[in-house]
Structure formats: C-alpha cells, structure tokens
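Residue numbers (the working numbering), protein chains in the order written: chain A, 1 to 111; chain B, 1 to 116.
Written out as structure tokens, the structure is:
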C-alpha cells in the first residue's frame, strides 16, 4: 500500500537555526515526490518535485533531497516567514492519477 | 489569471441537508481533484477527473458525488450531509507536462464545511 509518513509533527526553531524535515515513503514505483507549503487558512502551495534518488532542488532557504526511501526538506537559516506546515506527497507508477499525502510538519520559526 | 477558485468559502449544514461545492480553474488543466483535510490525517483524495466528462473514485468517495461537465469546472456534491463530513475541502488541478512523467498540483483556497 502506498504510504507517506512525515516527521516530526511539529518543529520549533529559532531564527537562523537550520534543520531538516523528513518524509518517508513506500510506493509501488515512484513517479514523483512533491513538497508543498501550506499557510493557515490557505491551500497548499507547490514547492518542488523530485523524480529519482540522488536528485536535489533548491529554492531560497529550502533544499529538497531524495533517496529510495525518504526525502528531506532542509531549511537553512530560517526566518519567521518560513513558518508554515510543510506537506509531502507521492505519486506512484501504478496509481499514477492519485497522490498520497503525509500529514505534514508544522514549522514555527521564532525571531 | 485567478488560478483555482472555490465557492463557497464557508458553509454550515444540518445533518441530512445537501449542498454542492464548486471548483473553477482558468489554467486549461486537464486533471482536477477534490480532497478533504482533517487534523492529523493529511489530505485525502475524494474523487478526481482526468478530463471533461470523466470522473473516478479516490480514497474516501463514500457520501460524495462529482461531475465535470465543463473542463474548467469540477463540482462536489453531498447528498445527505453527516457530521463526519465536517472538514476543509480543497480542490486542485494539474496538467501533465509532456517532457516529464509527473504533475504538480495547484490548489484552491479551500471550503470550510461544518455539519451539525
């Protein structure tokens, strides 16, 4: 069964304190791993897609990496405006019309 | 370019009442999806559509129906609302990029539904 698990559920950082969020997945043939950012009361906003192990993508203070079993979202020197819930989702080769989401990591960056 | 819009933003229903949620996208996307989001459970797929006139069941379809009569619109119906359907509902759309094998989704702002 395709499944996504994110950890930790919540993360509290001081401004400038770098850390990583984890997304572990089991899927019958990965056809894309997606990271989204969700602000309170809003819909998820697309950040990255990763397709194969070893791939990395960066955007400002965020860097996403992918292995065969998990993905990491590294946040370097975070700012308070990075506070949000970060969602991970996968799409499988055999159920390619469906996306399976994790329950998210709620990040709070204190000034 | 409004992206994905959802109507209404908030709604309160009594048990047994019916309603329709409207999703509209102006990006000419082929694929559209309805999700519900509950605390601690992430986004769960209710129904989806891969093109005008086509619909399919997702992970949690019971108690919901959908229609895609026009490419830009995807409707989600609740025939007889139950308290278990209290949730935040998100619509999303995507377009398969020919040079890649995966599709990023664009989400609407959500509809917060309470069933009493």
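Each residue gets a CB set at the ideal place from its N, CA and C atoms; glycine is no exception.
Residue burial classification, residue i (beta-carbon count within 10 angstroms, cutoff 16)
i                      : result
residue 10 of chain B  : exposed
residue 69 of chain B  : exposed
residue 25 of chain B  : buried
residue 111 of chain A : exposed
residue 32 of chain A  : buried
residue 41 of chain A  : exposed
residue 105 of chain A : buried
residue 3 of chain A   : exposed
residue 110 of chain B : buried
residue 43 of chain A  : buried
residue 108 of chain B : buried
residue 58 of chain B  : buried
residue 18 of chain B  : exposed
residue 94 of chain B  : buried
residue 20 of chain A  : exposed
When the options are compared against residue i, the one with the closest alpha-carbon
i                      : options                    : result
residue 43 of chain B  : B/115, B/3, B/66 and B/105 : B/105
residue 55 of chain B  : B/31, B/115 and B/36       : B/31
residue 49 of chain B  : B/38, B/40, B/65 and B/37  : B/65
residue 80 of chain B  : B/63, B/57, B/39 and B/22  : B/63
residue 13 of chain A  : A/32, A/77, A/46 and A/63  : A/77
residue 89 of chain A  : B/45, B/14, B/4 and B/20   : B/45
residue 76 of chain B  : B/114, B/36, B/3 and B/16  : B/36
residue 3 of chain B   : A/57, A/108 and A/45       : A/45
residue 114 of chain B : B/15, B/6 and B/5          : B/15
residue 112 of chain B : B/87, B/92 and B/78        : B/87
residue 67 of chain B  : B/29, B/95, B/33 and B/38  : B/33
residue 28 of chain B  : B/52, B/39 and B/78        : B/52
residue 38 of chain B  : B/21, B/60 and B/5         : B/60
residue 20 of chain B  : B/41, B/40 and B/73        : B/73
Proximal residues of chain A, C-beta to C-beta of residue i below 9 Å
i                      : result
residue 109 of chain B : 41, 42 and 43
Within chain A, the residues that residue i reaches when beta carbons sit closer than 8 Å
i                     : result
residue 79 of chain B : Ordered by position in chain A, no residue passes the 8 Å Cβ test against residue 79 of chain B, which lies about 23 Å from the chain.
Chain A contact residues for residue i, given Cβ-Cβ distances below 7 Å
i                     : result
residue 41 of chain B : 103
Closer than 7 Å at the beta carbon, the chain B residues around residue i
i                     : result
residue 34 of chain A : 104
Three or more C-beta pairs under 8 Å: does that hold for the stretch 47–55 of chain A against the stretch 6–15 of chain A?
no
In the stretch 39–70 of chain A, which residues sit with their C-beta less than 7 Å from some C-beta in chain B, listed in chain order?
42, 43, 44, 46, 49 and 51
Cβ contact check for the stretch 18–30 of chain A and the stretch 89–97 of chain A: 3 or more pairs under 8 Å
yes
Against chain A, which members of the stretch 44–60 of chain B pass a CB distance test of less than 8 Å?
44, 45, 48, 50, 56, 58 and 59
Hey, is the stretch 77–87 of chain A in contact with the stretch 36–44 of chain A, meaning 3+ C-beta pairs nearer than 8 Å?
yes
Of the residues that make up the stretch 81–96 of chain B, which ones have a beta carbon closer than 7 Å to any beta carbon in chain A?
90
Quick one: any contact between the stretch 55–67 of chain A and the stretch 10–25 of chain B, if contact means 3 or more CB pairs under 8 Å?
no
Going along the chain, which residues of the stretch 96–107 of chain A sit with their C-beta nearer than 9 Å to a C-beta in chain B?
96, 97, 98, 99, 100, 101, 102, 103 and 104
Specify whether the stretch 81–92 of chain B and the stretch 101–109 of chain A touch according to this definition: at least 3 beta carbon pairs, one from each stretch, less than 8 Å apart.
no
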